[in-house]
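With the UniProt record's numbering, the residue at position 94 of the sequence shown is 94, and numbering never jumps.
The beta-carbon is built from N, C-alpha and C at its ideal position, and this holds for glycine as well.
Here's the structure, in structure tokens; my notes come after.
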Amino acid sequence: MMAHTLLLVDDEEKVLEFMEPFLRQEGFQIITAKTGKDALQKAKEKNPSLVVLDWMLPEMSGIEVCRELRKMSRMGIIMVTARTDETDKIIGLEVGADDYITKPFPCVNW
Numbered sequence: 001m002m003a004h005t006l007l008l009v010d011d012e013e014k015v016l017e018f019m020e021p022f023l024r025q026e027g028f029q030i031i032t033a034k035t036g037k038d039a040l041q042k043a044k045e046k047n048p049s050l051v052v053l054d055w056m057l058p059e060m061s062g063i064e065v066c067r068e069l070r071k072m073s074r075m076g077i078i079m080v081t082a083r084t085d086e087t088d089k090i091i092g093l094e095v096g097a098d099d100y101i102t103k104p105f106p107c108v109n110w
């Protein structure tokens, strides 16, 4: 069985270091990106099954990235962000995210 590719996008190294091992353990092949533009480029090159996407990124916001990804694919997109306002969640889902999870994660002590 072939592993699904997951694009993990966050500009914080600690978040990438925390999430990547758990996602690998679940059988995903992980690609990472730290900027919005890099995320779009890697998504075009690798065509991941799923994108875990932060909202606040350098160069291009996660919202803009999500909008562009939706134009090119129906891949799964999960926004994982520190933006906790209900309006932000609605915006994230309206631009094409399939789910919206807020940071910090309750089980993590940074």
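Using a Cβ-Cβ cut-off of 8 Å (strictly less than) and excluding sequence neighbours within five positions of residue i, which residues of its own chain qualify?
i, result
"GLN29", "ALA3, HIS4, THR5 and LEU6"
"TRP55", "SER61, GLY62, ILE63, MET79, THR81, ALA82, ARG83, ASP88 and GLY92"
Using the Cα positions of residue i and residue j, report the straight-line distance between them to the nearest angstrom.
i, j, result
"TRP110", "LYS14", "At TRP110, the pLDDT of 46 sits below 50, so the modelled position is not reliable and the matter cannot be decided from this model."
"LYS103", "GLU86", "14 Å"
"GLU20", "ALA39", "16 Å"
Nearest CA to the CA of residue i: which residue from the options?
i, options, result
"ARG24", "LEU8, GLN41, ALA39 and LYS89", "LEU8"
"THR35", "MET75, LEU50, LYS71 and GLU59", "GLU59"
For residue i versus residue j, is the C-beta spacing smaller than 8 Å?
i, j, result
"GLU92", "ARG67", "A quick correction: the sequence has Gly, not Glu, at residue 92. Cβ atoms of GLY92 and ARG67: not closer than 8 Å."
"LEU57", "ILE77", "no"
"PRO48", "MET72", "no"
"ILE31", "LYS42", "yes"
Kindly say whether residue i, judged by its beta-carbon, lies nearer than 8 Å to any beta-carbon of chain C.
i, result
"VAL95", "Checking the listed chains, one finds no chain C in this structure; it contains a single protein chain."
Does the beta carbon of residue i fall short of 7 Å from some heavy atom of the ligand NAD?
i, result
"LYS103", "The model on display carries no ligand, and the ligand NAD is accordingly not part of it."
In chain order, what residues of the same chain lie with their CB nearer than 6 Å to the CB of residue i, ignoring the 5 residues before and after it?
i, result
"ASP11", "LYS34, LEU57 and PRO58"
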